[in-house]
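Visitor:
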Amino acid sequence: MSTEMYKPGSYPNLPPPPGTVGFYGWIKSNLFSSISNSLLTIISVVLVYYLIDGIIGWFFFDAVFDADSKIECRKIDNGACWAVITRRVGQFVYGFYPEAERWRIDISFLTMFIAFAPLLYPDLPKRKWLLWFSGIYPFFAFVLINGGFFGLAKIEYSLFGGFMLTVILGVTGIVCSLPIGILLALGRQSKLTVVRTLSVCFIEFMRGVPLITLLFVASSMLNYFMPPGTNFSILVRVIIMFTFFSAAYIAEVIRGGIQAIPKGQYEAADALGMNYWQTTRFITLPQALKISIPGIMNTFIGLYKDTTLVVVIGLLDPLGIGRAALADTKWNGLSTETYLFVALFFFVSCFAMSRYSLWLENKLNTEHK
Amino acid sequence: MIFFSNIWRNEKSREIIVQIFVLLCIGWFLSWLISNVDANFKALGKDISFEFLFIPAGYDINQYLIDYNNRDSHLRAGIVGLLNTGLVAVFGIILATVLGISLGIIRLSKNWLASKIAYWYIEFTRNVPILLHILLWHGIIINTLPHPRKALNLGDVTFLSNRGFYIPKPLTENGIELVYLFFVIALIFSVLFFKYAKKKQDLTGVQYPVFWINFTVLISLPLIAFFISGMPISLEIPALKGFNFRGGMHMSPELAALTFALGIYTAAFIAEIVRAGILAVDKGQREAAEAIGLKSSKVMKLVILPQARRVIIPPLTSQYLNLTKNSSLAIAIGYMDLVATLGGISLNQTGREMETMVIVMLIYLSVSLSISAFMNWYNNKVKLVGR
Amino acid sequence: MKTKILLAAATAGVMFAGSVLASTLDEVRARGKLNCIINTGLAGFAAPDDKGKWTGFDVDFCRAVAAATLGDADKVNYTTATGKTRFTKLAAGEGEILSRNTTWTFSRDVDLSQTFIGVSYYDGQGFMVPKALGVKSAKGLDGASVCIQTGTTTELNLAEFFAGNGMKYNPVPIETNAEAQELYKAGRCDVYTTDASGLYATMSSFDNPADHMVLPEIVSKEPLGPVVRHGDDQWADIVAWTLKAMMAGEELGITSANVKSLAGKDNKNKEINRLLGKDPLQGISKLGLSADWAVNIIAQVGNYEEVFEKNLGMSTPLKIARGMNQLYRDGGLFYIPPIK
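Chains as they are written, first to last, in our numbering: chain A, 437 to 805; chain B, 971 to 1357; chain C, 139 to 478.
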């Protein structure tokens, strides 16, 4: 015991008790704070060990990255045979898009980020100018990818495939569905019974049936509803269905945003003598859309993942390309590698997007407080 | 002119005009669609008729909960498919709920490692499309489990193979009625005891171990009856005969893969919902509960969960709904659900896209709508009143 | 601001394709490409190689039609379809031809409003089993798990065969051949049943084809052939005679190697002259084809024998014998109407 005397208020800060800070302290309080906790830790460690031990070797060390066929792969090593991916990586990315024209996809893909940047990052410098580019981007991308103008060769839709198809379906679907979704959300909140009923019917119908049945409709029945002789490409029909489908979900997200706006806002707008459209344009939508951006983002991630379903109606998205590769006598039987590769692609892109959405949510949250 | 302008300026009449206009537009649009269908069908020589539902389907289905053979009608094939959809949905929901709630709680655990593992597990699962989950699980089951002739043998009664899981099937014999009777008695007793114990606690504060007493009664009474009546339940043990196991209860790899995939995928979403629900309960509630000396299990049961439930249930229901709708992807691995039977093979054999798809969609729609109706009812019931 | 941009984006997303034209041939010519519906992947019949180029027996038929109508066999767009989606895709106008080993049956021809233009491959449903299973006959398959491709005639044949022999089985329905292969190899099913050609194609892709066998029973007749939509007789004739020209090429000894020289000179056999446009062939203009249509087919794609041998024959991993798929003079079933 120290016998030193201190003046009141001048007692020095004592170090924390041993074992509560630093490396050991952290381990103790986070991993071994109680018996049950320690048990959990040990189980987790064992689990992780076996997972890594079992997978890493197959994944990397014993894996073959280049070979001519599965049989050759097996001759080289007994891990994963990634050659099926590396040999066809072009197909996985671009589908059957002609090799000489693939730069068009690259450019549209890269510029897509420029086009989306001002929409996604509200405090970007020179945002106004970039917004103009966002406005013309859809036309720009359409001309570039589709061709048929300015001496660019027209590319048939049946050649579209791979990750490019995933991105095209997802992005076009979400962009086209936003305006429809906004209208539906407004319709659902409308005072007019007819408009409200119609919106509710549409939304509930689209949300009530599985997407796969809608895709069947797109692939087999949509043409029956058009005047005889009309012929949409299957890609357009699928995009139409994706658009309707996600519009219903977006409508619900935006409705949530509209409902979150305090009543006082409307009363203030009424007091200023604004009519319905003015209120909607200047009061409701700017606030509702802002609140719903994370929700829209989540809808987009969902839609993006759902694009894999097109494989069921015979379109060649990454999964379809993978299956076509598996049908090749050389690569037959490598389904685990193929599916894992596609799964990894989706994980990386969706995870990045969900991180962004989380970041945005936090940002918007602080702005409201 | 002024008259019309007045009508337009009057809010009530303007609303009516707008609505009539919208109705006319929609009516015109619908009649346009129908006339197109009519013209197209005429050109192709097709008609709309539901008679095909009653002709023999001609194909076999590998899993049926009601009797079915290939001479039965397309309608019956559809019902078999619908029941299969229901079966996988129920299995999937049970798995998703159990797994999801556990994950959600582990995610909030103070154990850093466990929480991180749960986090990465959730992130990986929910960011990979459900279709890939299904295909991967199916691939894993059929590629890693052995052939039936070398099936994993668990105590000579349960077998795991790439043709599925085989477990013994209980068969009832004479005297089983007594067991049922005793079970009903036990059930009545436990309800009455529960009410009595609650009343007693309300009046005097005395607590009984209600759960344990009821649990013991519910198990032991039927068990006693089982022995008294001379063990009227026998097990049909699956046995390898010819190509496959016969007898016992069988879970096909498709059903298993679908259940795992749907359960695990949905569990990731449920875990996040549960986590958010628990976090949504005000911190003060827990502190107050601890301050009045409740045990931590009681804090969870009596204070946190009842409040979290209000936040959790609505999104949870919509996850269940999603799971049911996602089960339609069964078609990718050949599980014979509604979409694969009526909307798949029947459609293809009869060429009646319009009719089959309308039926399939209406069935899904009615399921979804009834569940949302239930959800609305529940929301209104648990809504916070006042404040 | 934001909404305006989004609206603009929405309008850009709407892309229309195609319009009403007089006939299928005009439509194809105007497009400059033939749209052909093929299998999503079946070795020997239609499968993409590492370069993404489709090859196979069915693919070559598409190329032959393109050569006849457009003069260039490479001007084909391929659209893939599963067994289930193929007819709806054809009906929806996604292709002018369905060349996807499709069985000609009464109800498909009549009820589904399509035109089968001939048989390009005579097939029959068979059963493939691993030799280790010790099964010698399809009659010994009682209780087996059977992999079947859905959306085909196969599942009905199978139900009839097993019911007819008083046997039970456990059907494992599958969408595409690639999946069926996976499941069969993994042992999910004991037997894989589909058209015998498909079985050979599948077997050829195994690591050890010798470990498997096709059982002797062929339980159905499966005349496979290209299909077109009802209602355009000119187009149906073009497709039908493209097939016959390939077979006539074999009968007359015209191959891709000698077709140019035969077309250049006056041959003794006047049928060769008529087929290759040396002598006038009455009515060819009614088909809307040029005189060198058959030259284009055989020069760019080959005659029937060449196409068969290149994709399915003994030199390929499939090793399918010609069997019924020979000219009548060799003991097969192809009897070509005279080119007159």
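By construction, the Cβ of each residue, glycine as well, lies at the ideal position given by its N, Cα and C atoms.
Just so you know, these numbers come straight off a predicted model, no measurement behind them.
(1) Could you give the distance in angstroms between the alpha-carbon of D1042 of chain B and the alpha-carbon of S1316 of chain B?
(2) Near L1337 of chain B, which residues of its chain fall below 7 Å by C-beta distance, leaving aside the five closest residues on each side in sequence?
(3) Please go through the region 1203–1233 of chain B and give each complete alpha helix (DSSP H) segment of 4 or more residues, from N-terminal end onward.
(4) Less than 8 Å between CB atoms is the rule here; does L294 of chain C satisfy it with respect to chain B?
(5) What does the Cβ neighbour count give for F183 of chain C, buried or exposed, with the cut at 16 atoms within 10 Å?
(6) Counting only Cβ pairs nearer than 9 Å, list the residues of chain C close to M1331 of chain B.
(7) For a test of the three-state rule: what should DSSP assign to S237 of chain C, helix, strand or coil?
(8) Taking 8 Å as the CB-CB cut-off, is I1315 of chain B touching chain C?
(9) Near L159 of chain C, what residues of its chain come up, given a Cβ to Cβ distance below 7 Å and the 5 sequence neighbours on each side ignored?
(10) Which ranges does the alpha helix (DSSP H) cover as unbroken runs of at least 4 residues, wholly within the region 739–764 of chain A, from first to last along the chain?
(11) Please determine, among B:L1299, B:S1204, B:G1109, the residue with the shortest C-alpha to C-alpha distance to G769 of chain A.
(12) Taking 6 Å as the limit between beta carbons, can you name the residues of its chain near K269 of chain C, skipping five residues before and five after?
(13) State the beta-bridge partners of E360 of chain C as determined by DSSP.
(14) Once the 5 residues before and after V672 of chain A are set aside, which same chain residues still bring their CB inside 8 Å of it?
(15) Could you run through the region 1295–1308 of chain B and flag, in chain order, every residue whose CB is less than 9 Å away from some CB of chain A?
(16) Counting only C-beta atoms, is A282 of chain C closer than 8 Å to chain B at any point?
(17) Can you tell me which of B:I1198, B:H1103, B:F1196 puts its alpha carbon nearest to the alpha carbon of L755 of chain A?
(18) Ignore the nearest five residues each way along the sequence and tell me which others in M462 of chain C's own chain have a CB closer than 8 Å to its CB.
(19) Between L1228 of chain B and A1300 of chain B, what straight-line distance do the alpha-carbon atoms span, to the nearest angstrom?
(20) Short of 8 Å Cβ to Cβ, which residues in the region 610–641 of chain A face chain B?
(21) Can you give me, in chain order, the residues of the region 982–1003 of chain B that have a beta carbon less than 7 Å from any beta carbon in chain A?
(22) Assuming contact is defined by CB atoms lying nearer than 8 Å, are T679 of chain A and C612 of chain A in contact in what I supplied?
(23) List the DSSP bridge partners of I1039 of chain B.
(24) Taking only beta-carbon positions, decide if K1268 of chain B is within less than 8 Å of chain C.
(25) Inspect the beta-carbon positions of I639 of chain A and E688 of chain A and report whether they are closer than 8 Å.
(26) I'd like the span of the beta strand (DSSP E) that includes Y216 of chain C, first residue to last.
(27) Between the beta-carbon of V273 of chain C and the beta-carbon of V310 of chain C, is there less than 8 Å?
(28) Take the Cβ of W431 of chain C as the centre, count every other Cβ of all protein chains shown within 10 Å, and call the residue buried at 16 or more, exposed below.
(29) Out of curiosity, what's the CA-to-CA distance linking P615 of chain A and W539 of chain A?
(30) Let me make sure I understand the geometry here. Which of B:G1212, B:F1230, B:I1207 has the alpha-carbon closest to that of M1219 of chain B?
(31) Taking N1346 of chain B as the reference, which of B:L1124, B:L1193, B:S983, B:T1287 has the closest Cα?
(32) Tell me which residue opens and which closes the beta strand (DSSP E) that D94 of chain C is part of.
(33) Considering Cα atoms alone, identify which of B:A1084, B:N1039, B:Y1348 is closest to S472 of chain A.
(34) Can you tell me which of the three DSSP states K416 of chain C falls into?
(35) Is D542 of chain A close to chain C? Criterion is C-beta to C-beta, closer than 8 Å.
(36) Less than 8 Å separating the beta-carbons of T314 of chain C and L752 of chain A?
Guide: According to the data block:
(1) By one-based count along the second sequence, residue 1042 of chain B stands at place 72. By one-based count along the second sequence, residue 1316 of chain B stands at place 346. Going from the Cα of D1042 of chain B to the Cα of S1316 of chain B covers about 12 Å.
(2) Looking up residue 1337 of chain B in the second sequence gives position 367. It is Val, not Leu, that sits at residue 1337 of chain B in the sequence shown. T1294, listed in sequence order.
(3) none
(4) For the purposes of this step, residue 294 of chain C is taken as residue 156 along the third sequence, with counting starting at 1. It does: the Cβ of L294 of chain C has a partner Cβ on chain B nearer than 8 Å.
(5) Position 45 of the third sequence, counted from the start, is the residue given in the question as residue 183 of chain C. F183 of chain C is buried by the Cβ-count criterion.
(6) In the second sequence, the residue the question calls residue 1331 of chain B occupies position 361. Result: empty, since nearest Cβ-Cβ is about 16 Å, beyond 9 Å.
(7) By one-based count along the third sequence, residue 237 of chain C stands at place 99. Reduced to three states, the DSSP call for S237 of chain C is strand.
(8) Within the second sequence, the letter at position 345 stands for residue 1315 of chain B. It does; some Cβ of chain C falls within 8 Å.
(9) The residue labelled residue 159 of chain C in the question sits at position 21 within the third sequence. Here L159 of chain C scores only 43 on pLDDT, less than 50, and its place in the model should not be relied on; the value that follows carries that caveat. Once the five neighbours on either side are set aside, the close Cβ partners of L159 of chain C are E165, A168.
(10) 754–763
(11) As a working note, residue 769 of chain A is residue 333 in the first sequence. Taking only the C-alpha atoms, the option nearest G769 of chain A is B:G1109.
(12) Taking the third sequence and counting its residues from 1, the one referred to as residue 269 of chain C is at position 131. D349, M351.
(13) In the third sequence, the residue the question calls residue 360 of chain C occupies position 222. Paired residues: C:D261.
(14) Within the first sequence, residue 672 of chain A is the residue found at index 236, counting from 1. Taken in chain order, the residues that qualify are Y593.
(15) K1295, N1296, S1297, S1298, L1299, I1301, A1302
(16) As a first step, residue 282 of chain C is located in the third sequence; it is residue number 144 there, counting from the start. Judged by the 8 Å Cβ criterion, A282 of chain C is in contact with chain B.
(17) Start at 1 with the first residue of the first sequence, and residue 755 of chain A comes out as number 319. Of B:I1198, B:H1103, B:F1196, the residue nearest in Cα terms is B:H1103.
(18) Within the third sequence, numbered from 1, the residue matching residue 462 of chain C stands at position 324. Result list for M462 of chain C: Y260, G470, L471, in chain order.
(19) As a first step, residue 1228 of chain B must be located in the second sequence, where it is residue number 258. As a first step, residue 1300 of chain B must be located in the second sequence, where it is residue number 330. So the alpha carbons of these two residues sit roughly 7 Å apart.
(20) K627, L628, T629, V630, V631, L634, E640, F641
(21) E985, V988, Q989, V992, L993, I996, L1003
(22) Within the first sequence, the letter at position 243 stands for residue 679 of chain A. Within the first sequence, the letter at position 176 stands for residue 612 of chain A. Contact flag set, yes.
(23) Counting from 1 along the second sequence, the entry for residue 1039 of chain B is found at position 69. Correcting the residue identity first, residue 1039 of chain B is Asn in this sequence and not Ile. Partner(s): none; N1039 of chain B has no beta bridge.
(24) The residue you call residue 1268 of chain B lines up with position 298 of the second sequence. No, K1268 of chain B does not count as interfacial toward chain C.
(25) On the first sequence, residue 639 of chain A is found 203 positions in, with the first residue counted as 1. On the first sequence, residue 688 of chain A is found 252 positions in, with the first residue counted as 1. Closer than 8 Å, so yes.
(26) Reading the third sequence from its first residue, position 78 is the one you call residue 216 of chain C. Note, Y216 of chain C: beta strand (DSSP E), 214–219.
(27) Within the third sequence, numbered from 1, the residue matching residue 273 of chain C stands at position 135. Within the third sequence, numbered from 1, the residue matching residue 310 of chain C stands at position 172. No, these two residues do not count as a Cβ contact at 8 Å.
(28) Locating residue 431 of chain C in the third sequence gives position 293, where the first residue counts as 1. Buried is the call here.
(29) Counted from its first residue, the first sequence places residue 615 of chain A at position 179. Counted from its first residue, the first sequence places residue 539 of chain A at position 103. Cα to Cα, the separation comes out at about 31 Å.
(30) Counting from 1 along the second sequence, the entry for residue 1219 of chain B is found at position 249. Considering only alpha carbons, the answer is B:I1207.
(31) What you label residue 1346 of chain B is simply residue 376 of the second sequence in a count that begins at 1. Here the closest residue by C-alpha is B:T1287.
(32) Shown here, chain C extends from 139 to 478; a query on residue 94 of chain C therefore has no answer.
(33) Looking up residue 472 of chain A in the first sequence gives position 36. Looking at the Cα atoms, B:A1084 is the closest of the given residues.
(34) Here the question's residue 416 of chain C lines up with position 278 in the third sequence. Of the three classes helix, strand and coil, the one that applies to K416 of chain C here is coil, per DSSP.
(35) Along the first sequence, one-based indexing puts residue 542 of chain A at 106. Chain C contact via Cβ: absent.
(36) Position 176 of the third sequence holds residue 314 of chain C. Position 316 of the first sequence holds residue 752 of chain A. No, these two residues do not count as a Cβ contact at 8 Å.
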